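Report on the structure given below.
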Amino acid sequence: MAWIFSIFREKPYFPVLILALLVRVIYLLAYYATPEWDQLLVDSLFHHRWAVSIASGDVLGHEPFFRAPLYIYVLGGLYAIFGQSLLAGRIFGHLIGVISVLLTFRIGLRLFSKPAAIIAAVIHALYPIAVYFESELLVDSLFTMLIELSIFCLLIAVERKTPAWYFLTGLVVGAAAITRPILLALVPLYLIWLIIAQRRIGRGSMSAAVMLLAISLAIVPVALRNRLVGDDLVLISSSGGVNFYIGNNPDADGLSAAMPPPLGAGWRMRDIKHLAEQETGLKMKPSEISAFWTGKGRDWIIRNVGDFFRLYVKKLYYCINNFEVSNNRNLRLFFSNNAVLRIIPLNFGLLLALAVPGIILTLANHKNRLHLSFLVLLVVLYFLTISFFFINARFRLPIIPVIIIFAAQGAVMLIDLVRTGRYRVHLPTAVIPGILILLLSHSNYYRYERDNIIDGLFNQANFYLAHNELDRAISLYGRILSAQRGYPEASLNLGVAYMKKGLGDSAEFYFRDELAGNPSSAHALSNIASLHYLRGQYDSAAILADRAIHLKPYLTDPYLVKIRALAALGDSAGVNDLIARAEKSLDDNARLWLDAGLVYSQWSRLEVAEDYLKKTINSNPAPAETDDEAFGWAADASGDSFPVIRAKAAYQLGYIYGIQNRLAQSIAMSNLAIALDSALSDAYVNLASGYLASNRPELARQVIELARAKFPGNEVIEALSNRLQ
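Using this note's numbering, the first residue of the sequence shown is number 72, and each one after it goes up by one.
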């Protein structure tokens, strides 16, 4: 056993890393046992689906990145190796977290003392918010680790003064930038830090040039890829403009990722594209859309300097407030249900209160004053930068390890002051500011409703709706509406739940309730139109669908409802015109072409139907890197996934070929339909009928036996089976 203690003495970070691993294993096991494990929400759901697309072979993609790509490509690589495993993704996040703990120790040891480094590493190992975000499929833990690694590499580069370390530091900074581009705003600070630390302008400038070259080498491949696939000059990602506008507009609250009404928090990329093009009258590329929203935000600031300043101060306040502002998942609700996160007493306000005396006392007289000054500037400039956008817990996470290091040093120095009796001397300069910061961080000046868990309940309800746990979804939506009447899209989704249960009157009641609070809800109008169509009220269905199209001409569903209603009314000219109009307005044409193929099949215009069905089969899914539907569970709730759409088209084409006696093609299409969607029972009937018509009864018998086992009690399959016997 002596050798173990010897290792711990020589490498004191070992027990801290073991502690970090132990905490994360316990947390992961506790998390795995909860229903929240599968409830990927908004950004994490988008990242997961994008990573799945990468793992399946779509590596290059098709559109300029809307989000910075590095984390998602790493996640896609994990999925390629381990399958679509949430566990693999979450273990990776925790391993990144453990590396961050080690880096916290290493940076603390270089800047301060071994006790301070150990305390900092222990705090980081236990810090609840860090543990939580490591397990989410989000970029923040990787971004945090890369920022720490860039600081560590820069400290070594300044010490060793070798081009290799300058270059390595630049690569790490570049990697962090393609994880979250906001770091580009802090690159000048890194370069200035390096130049000043060299103490010679010439040598420092050369070192900075090497670092800048390495940063560029990390970023240029992303920019070239964006140019190649999208013919657009997007350096890393195109989301910056809209995020800037979200943080700077007349309705901004500084804390939520919501656009002004009527879009609110449910905005999508197609919304911001449509609004930008509608206002300018131009077709716009992603870089132009981003520039448009940046300009909108800038114009608001110029016209409303006072309002901007007040909002900016509010955002800075929440940068240093103890409260962890939720983003995708309600943190208070989640933490209250997780014992590991709930019992650890560490919080941001306490760390900041300890960091303040640590900063004051060390900057006054410390051998590493220069490095410490730049770290303080890094924290301050980071907060000043993110406050131009909006604030939440995960956006301030990347700078927390630096605050932890100063907090650990502050704790060590305060203990020393108490032990030596010198705390009275430093009371005015260090201790009192720390106490004031503690009080400020725990205040609630803006009266933020910290116990509000409605957003979290809404996300849970959406998950249950998508997975057909309708009673649970209905219960949660009802709870939300009882607490906050008019909560955006709660009535809409409650109506969808009732619609899926076959309760049309209840569904329409809630769709109209949504319209009462949000008259511009195209989704509510489209859903009411669907109900009217199902009831045979074709005229009103067409009128309601047209209202929805007028509000959002880029939504597919209202076009489909109106096409079906016009077809039922026998208005072939109206159908032709609407399809032509829809093809110009929609990016998602697969469902449109499928419906067109079905309508023209009913009208026995088989050549036209064949053309549209072939288009459907040969179409491609929306690019994963810009797929709006990937942010939510709506597509899953509808059941119309892209393979299902193609399967329906293949089945219908197989049917058409069958009645035209083109049996080989009919069999091929029926096989394709089954391969795409093995739950499509009619495709088995089609296939068996094709084999029978081509005098291959044994193959027909095999298909029918398979279908009988798969769809017991299906009358059509049973009738065909009896015919074979």
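Ideal Cβ placement from N, Cα and C applies to all residues, glycine included. If you're wondering where the values come from, they're calculated on a predicted model, not measured in any experiment.
Item to complete: Can you grab the Cα-Cα spacing for the pair alanine 91 / leucine 173, in whole Å?
Response: Here residue 91 refers to the residue found at position 20 when the sequence shown is read from its first residue. Here residue 173 refers to the residue found at position 102 when the sequence shown is read from its first residue. Computed Cα separation, rounded: 10 Å.
Worksheet item: Looking at the unbroken alpha helix (DSSP H) that takes in tryptophan 121, where does it start and where does it end?
Response: Here the question's residue 121 lines up with position 50 in the sequence shown. Counting along the chain, the alpha helix (DSSP H) containing tryptophan 121 begins and ends at 114-126.
Discussion item. Suppose you measure from the CA of phenylalanine 176 to the CA of glycine 245; what does that come to, to the nearest Å?
Written reply: One-based indexing of the sequence shown puts residue 176 at position 105. One-based indexing of the sequence shown puts residue 245 at position 174. Each residue's alpha carbon lies about 23 Å from the other.
Discussion item. Please return the same chain residues whose Cβ sits closer than 6 Å to the Cβ of serine 709, not counting the five positions on each side in sequence.
Written reply: Looking up residue 709 in the sequence shown gives position 638. Per-residue confidence for serine 709 stands at a pLDDT of 49, beneath the threshold of 50, marking its modelled position as unreliable; no derived number is given.
Worksheet item: How about the region 131-138 and the region 153-160: do they share at least three Cβ pairs that are nearer than 8 Å?
Response: Two segments are said to touch when three or more pairs of C-beta atoms, one from each, lie closer than 8 Å; by this definition the region 131-138 does not touch the region 153-160.
Discussion item. For isoleucine 391 and threonine 500, which I take to be in contact (beta-carbon distance under 8 Å), what is that distance rounded to the nearest angstrom?
Written reply: If you number the sequence shown from 1, residue 391 lands on position 320. If you number the sequence shown from 1, residue 500 lands on position 429. Not a contact, Cβ separation roughly 19 Å.
Worksheet entry | From Ile167, Trp121 and Ser276, residue whose alpha carbon lies closest to that of tyrosine 150 | Taking the sequence shown and counting its residues from 1, one reaches residue 150 at position 79. That would be Trp121, whose Cα lies nearest to the Cα of tyrosine 150.
Discussion item. I'd like the list of long-range same chain contacts for aspartate 666, defined as Cβ closer than 6 Å, with 5 residues on each side in sequence excluded.
Written reply: The residue labelled residue 666 in the question sits at position 595 within the sequence shown. Cβ neighbours of aspartate 666 beyond the five flanking positions: Leu631 and Ile634.
Discussion item. For leucine 422 and alanine 482, I'd like the C-alpha separation in whole angstroms.
Written reply: Here residue 422 is taken as the residue at index 351 of the sequence shown, counted from 1. Here residue 482 is taken as the residue at index 411 of the sequence shown, counted from 1. Rounded to the nearest angstrom, the two C-alpha atoms are 10 Å apart.
Fill in: Candidates Arg381, Thr250 and Cys224, of which the one nearest leucine 239 by Cα
Against the sequence shown, residue 239 aligns to sequence position 168. Of all alpha-carbon atoms in Arg381, Thr250 and Cys224, the one lying nearest the alpha-carbon of leucine 239 is that of Cys224.
Worksheet entry | Bounding residues of the alpha helix (DSSP H) (the contiguous stretch that carries threonine 491) | By 1-based counting over the sequence shown, the position of residue 491 is 420. It spans 471-491 - the alpha helix (DSSP H) in which threonine 491 sits, taken as one unbroken run.
Discussion item. In chain order, what are the residue ranges of uninterrupted alpha helix (DSSP H) at least 4 long that sit wholly in the region 581-667?
Written reply: Here the runs fully enclosed are 593-605, 609-622, 628-639 and 643-656.
Worksheet item: Where does leucine 334 fall in DSSP's three states?
Response: Locating residue 334 in the sequence shown gives position 263, counting from the first residue. Note: leucine 334 maps to coil in three-state DSSP.
Fill in: Alpha carbon of methionine 72 to alpha carbon of asparagine 463, nearest angstrom
The count along the sequence shown starts at 1 and reaches residue 72 at position 1. The count along the sequence shown starts at 1 and reaches residue 463 at position 392. Note that methionine 72 scores 49 on pLDDT, short of 50, meaning its location in the model is unreliable; the coordinates nonetheless yield the value given after this. Roughly 46 Å separates the two Cα atoms.
Fill in: Beta-carbon proximity of threonine 456 to leucine 257, cut-off 8 Å
The sequence position of residue 456 within the sequence shown is 385, counting from 1. The sequence position of residue 257 within the sequence shown is 186, counting from 1. Result yes, Cβ atoms of threonine 456 and leucine 257 sit closer than 8 Å.
Worksheet item: For the putative contact between glycine 566 and phenylalanine 461, defined by C-beta atoms under 8 Å, what is the C-beta separation to the nearest angstrom?
Response: By 1-based counting over the sequence shown, the position of residue 566 is 495. By 1-based counting over the sequence shown, the position of residue 461 is 390. Distance from glycine 566 to phenylalanine 461 at the Cβ level is roughly 30 Å; contact not present, criterion being Cβ atoms closer than 8 Å.
Discussion item. Considering Cα atoms alone, identify which of Thr491, Arg467 and His442 is closest to phenylalanine 454.
Written reply: The residue labelled residue 454 in the question sits at position 383 within the sequence shown. Comparing Cα-Cα distances from phenylalanine 454 to each of Thr491, Arg467 and His442, the minimum goes to Arg467.
Item to complete: Drop a sphere of 10 angstroms on the beta-carbon of isoleucine 143, count the other beta-carbons inside from all chains shown, and report buried for 16 or more, exposed for fewer.
Response: The count along the sequence shown starts at 1 and reaches residue 143 at position 72. By the 10 Å Cβ count, isoleucine 143 comes out buried.
Worksheet item: Does the region 184-191 come close enough to the region 204-211 to have 3 or more Cβ pairs within less than 8 Å?
Response: The region 184-191 makes no contact with the region 204-211: fewer than 3 CB pairs, one atom from each, lie closer than 8 Å.
Worksheet entry | Within 8 Å, strictly: CB atoms of arginine 341 and aspartate 628 | Residue mapping note: residue 341 aligns to position 270 of the sequence shown, counting from 1. Residue mapping note: residue 628 aligns to position 557 of the sequence shown, counting from 1. Not closer than 8 Å, so no.
Worksheet item: Is it true that the CB of serine 278 sits closer than 8 Å to the CB of alanine 247?
Response: The sequence position of residue 247 within the sequence shown is 176, counting from 1. The sequence position of residue 278 within the sequence shown is 207, counting from 1. No Cβ-Cβ contact shorter than 8 Å links alanine 247 with serine 278.
Worksheet item: By DSSP, does leucine 747 sit in helix, in strand, or in coil?
Response: On the sequence shown, residue 747 is found 676 positions in, with the first residue counted as 1. Three-state DSSP puts leucine 747 in a helix.
Worksheet item: Looking only at C-alpha atoms, which of Ala126, Ala104 and Tyr84 sits nearest to alanine 196?
Response: Sequence index remark: in the sequence shown, residue 196 carries index 125 (1-based). Among Ala126, Ala104 and Tyr84, the Cα nearest to that of alanine 196 belongs to Tyr84.
Discussion item. Starting from arginine 381, trace the alpha helix (DSSP H) in both directions and tell me its first and last residue.
Written reply: On the sequence shown, residue 381 is found 310 positions in, with the first residue counted as 1. Residues 376-390.
Worksheet item: Secondary structure at histidine 442, three-state DSSP: helix, strand or coil?
Response: Indexing the sequence shown from 1 puts residue 442 at position 371. Helix at histidine 442.
Discussion item. Please classify lysine 185 as buried or exposed, where buried requires at least 16 neighbouring CB atoms within 10 angstroms.
Written reply: Here residue 185 refers to the residue found at position 114 when the sequence shown is read from its first residue. Within a 10 Å sphere around the beta-carbon of lysine 185 sit fewer than 16 other beta-carbons, which makes this residue exposed.
Worksheet item: DSSP on lysine 232, reduced to helix/strand/coil?
Response: What you label residue 232 is simply residue 161 of the sequence shown in a count that begins at 1. DSSP places lysine 232 in coil when its eight states are reduced to three.
Discussion item. Distance check for glutamate 585 and proline 559, CA to CA, integer angstroms please.
Written reply: Residue mapping note: residue 559 aligns to position 488 of the sequence shown, counting from 1. Residue mapping note: residue 585 aligns to position 514 of the sequence shown, counting from 1. Going from the Cα of proline 559 to the Cα of glutamate 585 covers about 8 Å.
Discussion item. To the nearest angstrom, how far is the alpha carbon of arginine 652 from that of glycine 575?
Written reply: Looking up residue 652 in the sequence shown gives position 581. Looking up residue 575 in the sequence shown gives position 504. Spanning the two alpha carbons is a distance of roughly 30 Å.
Worksheet item: Going by other Cβ atoms of all chains shown within 10 Å of its Cβ, with 16 needed for buried, is isoleucine 253 buried or exposed?
Response: As a first step, residue 253 must be located in the sequence shown, where it is residue number 182. Buried, since its Cβ has 16 or more Cβ neighbours within 10 Å.
Fill in: Where phenylalanine 315 falls: helix, strand or coil (DSSP)
The sequence position of residue 315 within the sequence shown is 244, counting from 1. Note: phenylalanine 315 maps to helix in three-state DSSP.
Worksheet item: With 16 as the cutoff for other CB atoms within 10 Å, does serine 514 come out buried or exposed?
Response: In the sequence shown, counting from the first residue as 1, residue 514 sits at position 443. Serine 514 should be labelled exposed.
Worksheet entry | Closest residue to glutamine 555 among Tyr726, Tyr535 and Ile524 (Cα-Cα distance) | The residue you call residue 555 lines up with position 484 of the sequence shown. Nearest C-alpha to glutamine 555: Ile524.
Item to complete: May I ask which residues mark the beginning and end of the alpha helix (DSSP H) holding arginine 717?
Response: As a working mapping, residue 717 is identified with position 646 in the sequence shown. Segment 713-730, the alpha helix (DSSP H) holding arginine 717.
Item to complete: Take histidine 603 and list the residues in its own chain whose beta-carbon comes closer than 7 Å to its own, dropping the five residues that flank it on each side.
Response: Within the sequence shown, residue 603 is the residue found at index 532, counting from 1. Cβ within range, chain order: Ser611, Ala612 and Leu615.
Worksheet entry | Cα-Cα separation, alanine 478 to glutamate 654 | Taking the sequence shown and counting its residues from 1, the one referred to as residue 478 is at position 407. Taking the sequence shown and counting its residues from 1, the one referred to as residue 654 is at position 583. It is roughly 59 Å from the alpha-carbon of alanine 478 to the alpha-carbon of glutamate 654.
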